[in-house]
Amino acid sequence: TMGGLAARVHQLPERPRGIQDCENLLSVRSTLTIAQSLRETGTSSARRFLHLIELLTPEVENSSLPTGLIHGDLFPDNTIFREDNLIAVLDWEEACIDHYLFDLAMAMHGFCYIDEEWCPDLARNFLAGYETGRSLEPDERESLPLFLRWTPLAMAGWHLRRHSITPDRRQAGRIHQLLQRAETIFDCEY
907 TMGGLAARVH QLPERPRGIQ DCENLLSVRS TLTIAQSLRE TGTSSARRFL HLIELLTPEV
967 ENSSLPTGLI HGDLFPDNTI FREDNLIAVL DWEEACIDHY LFDLAMAMHG FCYIDEEWCP
1027 DLARNFLAGY ETGRSLEPDE RESLPLFLRW TPLAMAGWHL RRHSITPDRR QAGRIHQLLQ
1087 RAETIFDCEY
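Residues in the sequence shown are numbered from 907 upward in steps of one, following our numbering.
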């Protein structure tokens, strides 16, 4: 399962050979830097983003959850399947050291939605697969809803920054989707 694969990545040595000290492009610090650059932007998307940043940052900044090697972008477009079998995971350029929960929540956003609808059965299966390889610690389990909100918010910030430089209708749609997820995911079951 994809959850099991994420757990296997999180079981790798903390600093495999070749992994440099690099910051997650969607880390709390990077996302706050993006937020600062968007403060003068008057768009409704930027205002929604900044409002959510103010709500979630204190909790995310204070998190002392387990860290280690993460893929950083474990999404369907970075996987190759033959029939129902995973044969490759691509795009390891975002691999870095960060909270395992960040990677787990990011992957759940990639694999637990169908047509922008959260699928609780997929989420439960994803988590069950993950926990066959690595059990969530109690603090991680408690913080999962927070990270399920933070990861689409961080992605929205990245897209907002790019969109503010070069406006793009498709990217504007993606920003709206991601902000919608950040605003509603806490109501979803898993």
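All C-beta atoms, glycine included, are put in the ideal place defined by N, C-alpha and C.
Residue range of the unbroken beta strand (DSSP E) whose run includes residue i
i      : result
Gly910 : Here Gly910 belongs to no beta strand (DSSP E); instead the alpha helix (DSSP H) covers 908-916.
Chain-order list of residues whose beta-carbon lies under 8 Å from that of residue i (same chain, five-residue window excluded)
i       : result
Ala913  : Gly1035, Tyr1036, Glu1037, Thr1038, Gly1039, Arg1040
Ala1011 : Leu1050, Phe1053, Leu1054, Trp1056, Thr1057
Ala1078 : Ser951, His1069
CB of residue i within 8 Å of CB of residue j, strictly
i       : j       : result
Asp997  : Asp1021 : no
Glu1089 : Leu958  : yes
Asp1004 : His916  : no
Ile940  : Arg1030 : no
Pro982  : Phe1017 : yes
Sequence-distant residues of its chain with Cβ nearer than 6 Å to residue i (five each side left out)
i       : result
Glu1046 : Leu971, Leu1007
Simplified DSSP state of residue i, which is helix, strand or coil
i       : result
Ala981  : According to the sequence provided, residue 981 is Phe. The question's Ala does not apply to it. The answer is coil: DSSP assigns Phe981 none of H, G, I, E or B.
Gly974  : strand
Ala952  : helix
Ala1001 : coil
Asn930  : coil
Tyr1006 : helix
Leu992  : strand
Range covered by the alpha helix (DSSP H) that runs through residue i
i       : result
Gly1079 : 1075-1090
Own chain, CB closer than 7 Å to residue i, minus 5 neighbours either side, in chain order
i      : result
Thr947 : Ser1070
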